[in-house]
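The structure under discussion appears below in the form of structure tokens.
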Amino acid sequence: MKLWWRSKARAPEAGSEPVAVAANDAGAGGAERLLARLEWTVIRRLDGLLQGNYRTLMRGAGLDLADLREYQLHDDVRHIDWNVTARLETPHVRVFTEDREMTAWFVLDLSRSVDFGSGVKAKREVSIGFVGALARLLTRHGNRVGALVYGHDIEAVIPPRTGRRHVLHLLHAMERRAVEAPPTQKGMTRLSDLLASAAGLMPRRSTVFVVSDFLSEPGWEEPLGRLALRHEVVAVRLFDPLELELPDLGLVPLRDAETGEQLWVDTHDPGFRKRFARLAAEREQTLRAALAKARVDTLELSTADDLAAAILRFADTRKQRMRASGGAHANFTKTAAAT
């Protein structure tokens, strides 16, 4: 996608969209070109550097009950068998063995706010690239991937399958949403509806990647927590650096991508920029607290990130924390990487 501005001074606010975003890889042929590009630039690199440890990205998926034992410190409380615990009056946990083949679902928020990008890439492009790269990496090893595609409502349900052709089908569905979406949508994203639908469509324990910028109507936290009780959930949070801090670009018009509301703001005013940064920091803190409360792992993807490097850092961080805590959840941010 290419981003262009109505004015050189225009800068978007968190949750706002560029004036025009064009899909440059629409259609089945575009999906083939995109996947070929990902295979050359990202997937080969991931496959080589992970050296078969891609299963750290899908911890807890494809599990069969193997045994019961007494609860030990650092055991995952989601594995407690409450019926056995009540009967024996001692906490017991279920022990699982992994299937050879695993299932991953991508729960995709492709609402209008992901069209925003202040640089070369929009959040939508980051989402499509992440899904294409990870889906192909997993299917290359015989695993199944499926997807729920959400715009303003659930627009496509793609059942889990394996193979390169299936990944192309998934990418085509995402790109078709970018082309066919109406220019505006009224009302905020209802992420809670998407998560509730996801819970009803996944009968078997799976790894679920919820890919969203989490700019949504409130109320999604509880459905996310319920989803995480049954499945291994990774929240892939999309963001753009300008959603956290505004530069000084003078008087600029902004339009909210989710509601269509437009207003003018003076980014030359240092007080306004400071208030914006403070509100953005508060929003970040609230979001991270909600994700931690839901007990989901978090991968933050910026439009400025190198995709392969971000996935590798997350896999490495997750592996280290699994060893250290016996199942604690990873909340990976750029700050964590720096330390």
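Residues 4 to 342 (the numbering used here) are what the sequence shown spells out, left to right.
Beta carbons are placed, not taken as given, at the ideal position from N, Cα and C, and that holds for glycine.
CB of residue i within 8 Å of CB of residue j, strictly
i: Ser53; j: Ala318; result: At residue 53 the sequence reads Leu, which differs from the Ser that was named. The answer is yes: Cβ separation under 8 Å.
i: Leu218; j: Ser130; result: no
i: Ala199; j: Pro226; result: yes
i: Ala231; j: Val160; result: no
i: Ala34; j: Leu171; result: yes
i: Phe119; j: Asp308; result: no
i: Leu173; j: Val134; result: yes
i: Pro163; j: Thr106; result: yes
i: Leu140; j: Leu49; result: yes
i: Val213; j: Ala176; result: no
i: Gly132; j: Leu310; result: yes
i: His155; j: Ser195; result: no
i: Gly197; j: Leu241; result: The amino acid at residue 197 is misidentified as Gly; the sequence shows Leu. Against a cut-off of 8 Å, the Cβ pair of Leu241 and Leu197 comes out as no contact.
i: Arg276; j: Leu249; result: yes
i: Arg233; j: Arg208; result: yes
Rounded distance between the beta-carbons of residue j and residue i, thought under 8 Å
i: Ile46; j: Ala136; result: 5 Å
i: Lys126; j: Asp216; result: 6 Å
i: Ala238; j: Thr192; result: No, Ala238 and Thr192 are not in contact; Cβ-Cβ is about 15 Å, not under 8 Å.
i: Ala39; j: Val110; result: Not really, about 26 Å apart at Cβ, beyond 8 Å.
i: Asp84; j: Val96; result: 7 Å
i: Ser121; j: Leu245; result: 4 Å
Residues bridged to residue i [DSSP beta-bridge criterion]
i: Tyr153; result: Asp112, Ile157
i: Trp267; result: Pro256
i: Ser215; result: Arg240
i: Val123; result: Answer by DSSP bridge pairing: none, since Val123 is not bridged.
i: Ile83; result: Val96
i: Leu71; result: Arg97
i: Ala107; result: Val148, Thr210
i: Arg164; result: Val148
Per-residue burial, residue i [other beta carbons within 10 Å of its own, 16 or more giving buried]
i: Ala89; result: exposed
i: Trp267; result: exposed
i: Arg180; result: buried
i: His271; result: exposed
i: Asp28; result: Note that Asp28 has pLDDT 45, beneath the 50 cutoff, so the model's placement of it is unreliable and no number is given.
i: Thr306; result: buried
i: Ala25; result: Below a pLDDT of 50, predicted positions are generally treated as unreliable, and Ala25, at 35, falls in that range; the measurement from the model is reported next regardless. Flag for Ala25 reads exposed.
i: Ala313; result: buried
i: His77; result: exposed
i: Gly65; result: Note on Gly65: pLDDT 46, under 50, position unreliable in the model; no value is reported.
i: Leu41; result: buried
i: Gln323; result: exposed
i: Leu91; result: exposed
i: Arg278; result: exposed
i: Asn86; result: exposed
i: Trp43; result: exposed
i: Thr342; result: Because the pLDDT of Thr342 is 36, which lies under 50, any placement of that residue in the model is unreliable, and the number read from its coordinates should be weighed accordingly. Exposed, because fewer than 16 other Cβ atoms sit within 10 Å of the Cβ of Thr342.
i: Arg147; result: buried
Span of the alpha helix (DSSP H) around residue i
i: Phe275; result: 273-296
i: Thr142; result: 126-143
i: Asn146; result: No alpha helix (DSSP H) holds Asn146; DSSP gives it neither H nor E.
i: Ser200; result: 194-204
i: Pro226; result: 224-233
i: Asp50; result: 47-53
Span of the beta strand (DSSP E), counted from its first residue to its last, around residue i
i: Thr301; result: 300-305
C-beta neighbour in chain B for residue i, strict 8 Å
i: Pro226; result: Of the protein chains in this structure there is only one, and it is not chain B.
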